[in-house]
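Everything below concerns the one structure shown next.
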Amino acid sequence: MSVRTSQSSYHSGFSTPHKEVNSSTKANNEVLILTINLGNSKDDIVIHEFDDPNILAKRFCEKHNLGLEVESTLAEHIIFNLEKVLQDLSNINQRLQQKNSEENFISNENVKKAVTPKPRVAAQERVNESRLSKQSSAATMVSYEDKSPSRSFYKNPGNRLYQLGMIQQKDRENKSKLYQQQKMQKELEEVTFTPRINTKRIKKVKNTENLLIEKGKKVKEVLKLKIKDQLETDRRKCTFTPELNPVSSRLAARDRSADRINYLCKEKEESKKKIQGKADEYFKELCPFTPNKIYKSYTKSELNDSIDRLTKSKIQSEDELEKLREKHLQDLKKDPVTGQEFFTPQINKGPRTERQYSNVWEDLYYKRSNSQSRLSISPQKTYKNARSEKIMKKLTGEKYYEIFQKLKPQKGKILHNEIDASLLERELLLIIQPLIDEMKSARESLSFEEFCGAMDALMKVLTPQEKNYLIFNRKKPENDNPLTSRSQSPSSRAIFQTYDRLMKHKRNLEEKLEEQRRSNEEKLLSECTFMPNTRQKLEDSFRNLSFEN
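Going by my numbering, the letters in the sequence shown line up with residues 823 to 1371, in that order.
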């Protein structure tokens, strides 16, 4: 850690050394600058007159993320350096006062021993005596200030440093003045010529800097005028004039004219009109057909009549729909073959336990073991041999050729603008609709090889059910029949038919109830603002369920 004093405090706060030092000045001057070595870098602590060492140490430690122990030691170090500097200043001040007293004594004796000047240098001596009297008065004033400083003044380290600088400066000035006086006395003894001193000339010599600055400004102005005159004369001597074409001359005249802004506005409006005209022509080429619009003004009574008619028709349509719904519900309660109503048993007693609105199969699905969930997560490996791959390629190629022929190719290619979607089955059209849309958007025609490549790319995106229908032209049954196909008697066949109808009706009701339940849950969830913190096990189970679905 290195310590260095700031030189700015010697000169801040006071304008000239001859003015009286005010001990109550409030200028926050710099006193010390401590350079702290942090290892990789260095940083300075600037100490002013009214700063607190503890606050400075705290700010420095917060800036560099240092501990409390460093803060306390740093504050003590700042206080130690301040006391050391103040002690050194007091010692230097005492030594300088002793030197001043000795030099004043020597100068007084030199004045007594000085030889009386000759009569031809009387005017010069009077000038020198007036200067010496002023200097001696200033020196006595400074010495008085140095000998009797106030105690409050020495409490401020900034003022002490300033006073030290002023003392050193005055010491140097006194020495230079004594040397000049001695030199002048030696020269005056040998001089035989007495110059005539002009007071006006002395004033001019004192303001030499300002006079030179003004003279330089005048010289610059004169040079600028001469350069301007020279350029004008050179331009007049030039006899060459370039030939401009009509367009360039018109543009130059327009730029020099006062109506240049109005001309630019008109030019912009004309360019807008041209652009609008070109856009209209382009749209006419794209859309040659324009419908005939019939503009007819309706009265208020006619508008009210049309509104009443529309409201009545809406009410009638809603009534008809309600009747159709009621009829449909009644038809669901009857057998579609015989027309008889289904049997509805009468139950006098209610259930002993509360009904569970969730399905049994859902409860079993959620209560399955973790081992089964792990097995379901791991994908099943499929094994294919070369023979099965050949069979699949043959089937897919035949199906692709069948679809290609249904789209009616011309010269071995399917044209994008002549595709008739009505020739395909509804399920098949839904599967290959992305391919047809891509052909129309790209405006491309496909040969059979290109069509097969596009279908192979589409097969990678399709679901297993869509692939099954596309290749084998049959849907995968959603719910397999658990009953085995056996020979049945007519009576058992009738029973099974009624059972199938009842199960179908039950499934329809369950689907409706499920939809109603989901809609109610969605409404409740939309109104709910609370988000629970779910555990990890529940999150894993729900993740497994979403993966299987």
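Heads up, the beta-carbon is just placed ideally off N, CA and C, and yes, glycines get one too.
In the three-state DSSP reduction, Q1232 falls in the strand class (E or B). Assignment of D874 by DSSP, reduced to helix, strand and coil, places it in the coil class. Contact between S1267 and I1241 does not hold, since the beta-carbon distance rounds to 10 Å and is not under 8 Å. Under the 10 Å beta carbon count, Y1291 is surrounded by 16 or more other beta carbons and is classified as buried.
Look at K1282 here: in three-state DSSP terms it is coil, with no helix or strand label. The C-beta distance from G980 to E891 rounds to 30 Å, too long to meet the 8 Å contact threshold. Cβ-Cβ distances below 7 Å link S1269 to G1234 and K1235 in the same chain, with the five nearest sequence neighbours on each side left out; the list follows chain order. Shortest Cα-Cα distance from N978 to any of N851, T1030 and E1043 involves N851.
By the criterion of a C-beta distance shorter than 6 Å, L911 is surrounded in its chain by R982 and L986, once the five residues flanking it on both sides are discounted.
Our two residues, L1280 and K1262, have alpha carbons roughly 16 Å apart in a direct line. In the three-state reduction of the DSSP assignment, N996 falls in the helix class, which pools H, G and I. The beta-carbon separation of L888 and I869, rounded to 18 Å, does not stay under the 8 Å limit for a contact.
K1156 and E1148 do not touch by the CB rule: their CB atoms are close to 13 Å apart, not below 8 Å.
Per DSSP, the unbroken beta strand (DSSP E) holding T857 starts and ends at E852 to N859. Burial state of A1243 is exposed, judged by a 10 Å Cβ sphere holding fewer than 16 other Cβ atoms.
When rounded, the separation of the alpha-carbon atoms in S1139 and K1145 is 10 Å. Secondary structure note for C1087: its alpha helix (DSSP H) is the uninterrupted segment R1082 to L1108.
With respect to the 7 Å criterion, L1251 and K1228 are not classified as neighbours on the basis of their beta carbons. Cβ neighbours of L918 within its own chain (closer than 6 Å, five residues either side excluded): I989. The three-state reading of DSSP puts E1332 in helix, counting H, G and I together. In the three-state DSSP reduction, V1013 falls in the coil class, being neither helix nor strand. Membership of I1254 in the alpha helix (DSSP H) is indicated by the continuous run R1248 to A1264. For a cut-off of 8 Å, the C-beta gap from I1293 to I1254 is around 13 Å, too long to register as a contact. A residue is called buried once 16 or more other Cβ atoms fall within 10 Å of its Cβ, and K1100, having fewer, is exposed. Per the coordinates, the alpha-carbon of T1063 lies some 11 Å from the alpha-carbon of R1057.
By the beta-carbon neighbour count (other beta carbons within 10 angstroms, threshold 16), E1288 is buried.
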